[in-house]
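Taking the working numbering, I'd label the letters of the sequence shown as residues -3 to 135.
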Amino acid sequence: MPWIKVLHIAALLFWCASLLYLPAMLLAGARVRKETPFEVPVPQLLHFLFTHVSTPFALLAIASGTLLFVIEQLIGSWLVLKLAAVSGMVMCHVLCGFLVERLQRGQRRFVAPISALIIGVAAVLMIAVLVLVLSKPFA
């Protein structure tokens, strides 16, 4: 069972890092600039990162967390709050995917402010999850 916790924590680290990195790259990609022939276009890079890195780690983190929940039979009001924060992280993830698609279609309007908002909200939600898991209030 300790390997499930290690897997969950490792997947969370990669997912959380991508939740901060994707919006930062979206901010950079929203700027209009001339691409050089040796540069990979930002929208293509973001699409690859979202579909092949961020989403698999998000699914792995959620699946391993669910497995931990079932095996350890966790219960408590802190868990409800944690799951609400994780749901918010999932919404940030989905919104990043939506913005990646907009950027690929060349629609740059509102990408930068929404990306900045995602960074702030995701960071607050990650801290909330960490505090709830480590302190387990209301237990």
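Using N, Cα and C, we set each Cβ at its ideal position, and we do this for glycine too.
Cα separation between residue i and residue j?
i           : j          : result
residue 52  : residue 83 : 16 angstroms
residue 18  : residue 46 : 8 angstroms
residue 93  : residue 69 : 33 angstroms
residue 101 : residue -3 : 45 angstroms
residue 66  : residue 78 : 15 angstroms
residue 38  : residue 21 : 8 angstroms
residue 115 : residue 7  : 19 angstroms
residue 72  : residue 87 : 23 angstroms
Grouping DSSP H, G and I as helix and E and B as strand, with all else coil, what is residue i?
i           : result
residue 27  : coil
residue 72  : coil
residue 39  : helix
residue 134 : coil
residue 21  : helix
Would residue i pass as a contact of residue j if the rule is Cβ separation under 8 angstroms?
i          : j          : result
residue 60 : residue 0  : yes
residue 90 : residue 42 : no
### Query
Which residue spans inside the segment 78 to 131 form an unbroken alpha helix (DSSP H) run of at least 4?
Fully enclosed alpha helix (DSSP H) runs of 4 or longer: 107 to 131.
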